[in-house]
Amino acid sequence: MNAHDLEAWKHWHRLREEGLAAPFGWLTLTSYQWLPATPGPLEQVPGTFAAASGTATYAPDPAAPVLGYDDGAPVTEPVTLTLGEDESRYLLRVPAAAEAPELVVELGVRGGRYMIRTRAERTELQASFRGVPTFAFDPAWVLPARFEPYAVPRTVTIDSFRPDTQLSAELAGDVVFGDGPLAGTRLAAEQGPDGKLTVLFRDATNGDTTPAWRFVNAPAPAEDGSLLVDFNRTLVFPFAFSAFAVCPAPPAGNEVTAAVTAGERAPRS
Numbered sequence: 041m042n043a044h045d046l047e048a049w050k051h052w053h054r055l056r057e058e059g060l061a062a063p064f065g066w067l068t069l070t071s072y073q074w075l076p077a078t079p080g081p082l083e084q085v086p087g088t089f090a091a092a093s094g095t096a097t098y099a100p101d102p103a104a105p106v107l108g109y110d111d112g113a114p115v116t117e118p119v120t121l122t123l124g125e126d127e128s129r130y131l132l133r134v135p136a137a138a139e140a141p142e143l144v145v146e147l148g149v150r151g152g153r154y155m156i157r158t159r160a161e162r163t164e165l166q167a168s169f170r171g172v173p174t175f176a177f178d179p180a181w182v183l184p185a186r187f188e189p190y191a192v193p194r195t196v197t198i199d200s201f202r203p204d205t206q207l208s209a210e211l212a213g214d215v216v217f218g219d220g221p222l223a224g225t226r227l228a229a230e231q232g233p234d235g236k237l238t239v240l241f242r243d244a245t246n247g248d249t250t251p252a253w254r255f256v257n258a259p260a261p262a263e264d265g266s267l268l269v270d271f272n273r274t275l276v277f278p279f280a281f282s283a284f285a286v287c288p289a290p291p292a293g294n295e296v297t298a299a300v301t302a303g304e305r306a307p308r309s
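For the sequence shown, the working numbering assigns the number 41 to the initial residue and increments by one for each residue that follows.
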């Protein structure tokens, strides 16, 4: 085992855990709520919300002022905002009161519907967080692969962690594995503007030592399509920590028959 690779992996995972435990991070979600079609209240946030004709509207409650997220100024007039699918924006801050911590309110669109998600400055889950368990680092799970781009990216409908929400994914091509425990396996991947790949997958560890599915990021392929996929850096999705996450499921076909005993495991209860 290369000591440098092991130390780099430890550093990477330490940063990952610090990010999870940060104020208003994934461990601080307190609600996920759909906006009604006509103005009405939602939990934890004073005022009313509505979504109609592709636009979301928030009207403040003069008796319980909230603050704009960006400028911190009191919101005294209705706010309207139009977002696209899978977009999110932090919209409001609900000041701390008595024993209640400050909240931030995120507005977004998932599955064609407007939602809000609230995050607290601190939560019991965040305070009790002791890290994400992992499989032991194993260089045998750094696998050679080849990226085979599609002639045209494919937009597909996928499920999510929430049974009431379907999402879409733009698949750029297949990652095909050569030697190693996944030899011959073909998994569809998304590709970012920087060329880096993201692969969502299911495997034989799901429901035992890992959640229902996980994902791994990979570097941009070389000109000949070759790349290394380090499954030691496989991540669990936020739904492993919170019921208020959405999280895309793998596209059809992204199932590995082998047990991928690498990367993050299911969080401790």
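Even glycine gets a Cβ: it sits at the ideal position worked out from N, Cα and C.
Query raised in the report: Thinking C-alpha only, which one of E210, R133, P259 and M155 is nearest V18?
Result: Residue 18 falls outside the range modelled here, since the chain spans only 41 to 309, and no answer is possible.
Query raised in the report: Just how far apart, CA to CA, sit P261 and Q206?
Result: 29 Å
Query - Nonlocal neighbours in the same chain, by C-beta distance under 6 Å from L113, ignoring five residues either side - result: The sequence given here has Ala at residue 113, not Leu. Closer than 6 Å at the Cβ level, and outside the excluded window around A113, lies no residue.
Report task. Let me know if A167 comes out buried or exposed under the rule of 16 or more other beta-carbons within 10 Å of its beta-carbon. Result -> exposed
Query - Cut-off 6 Å between Cβ atoms - residues of its own chain near E161, not counting five sequence neighbours on either side - result: P63, P141 and E142
Report task. Pick out whichever of A90, H44, P105 and D204 has its Cα sitting closest to the Cα of R133. Result -> P105
Query raised in the report: In chain order, what residues of the same chain have a beta carbon less than 6 Å from the beta carbon of S128, not counting five sequence neighbours either side?
Result: E146 and G148
Query raised in the report: Whole alpha helix (DSSP H) runs in the region 221-300 with 4 or more residues, listed along the chain?
Result: none
Requested in this report: Measure from the alpha carbon of N42 to the alpha carbon of each residue in G171, F241, A180 and T158, then state which is nearest.
Outcome: A180
Query raised in the report: Any idea if V192 is buried or exposed, counting beta-carbon neighbours within 10 angstroms, 16 or more meaning buried?
Result: exposed
Query raised in the report: Which ranges does the beta strand (DSSP E) cover as unbroken runs of at least 3 residues, wholly within the region 128-199, from first to last along the chain?
Result: 128-134, 143-150, 153-160 and 182-198
Query raised in the report: Is the region 68-76 in contact with the region 290-305, if contact means three or more CB pairs nearer than 8 Å?
Result: no
Query raised in the report: CB G87 to CB E188, shorter than 9 Å?
Result: no
Query raised in the report: Under a three-way DSSP split, which group does L67 fall into?
Result: helix
Query raised in the report: In whole angstroms, what separates the C-alpha of M155 from that of F279?
Result: 17 Å
**Report entry** Terminal residues of the beta strand (DSSP E) in which L121 lies
**Finding:** V119 to L121
Report task. Tell me A99's beta-bridge partners as DSSP assigns them. Result -> T88
Query raised in the report: Excluding sequence positions up to five away, which residues of its chain have a Cβ less than 7 Å from the Cβ of A135?
Result: The sequence as given places Pro at residue 135; Ala does not occur at that position. Once the five neighbours on either side are set aside, the close Cβ partners of P135 are L107 and E142.
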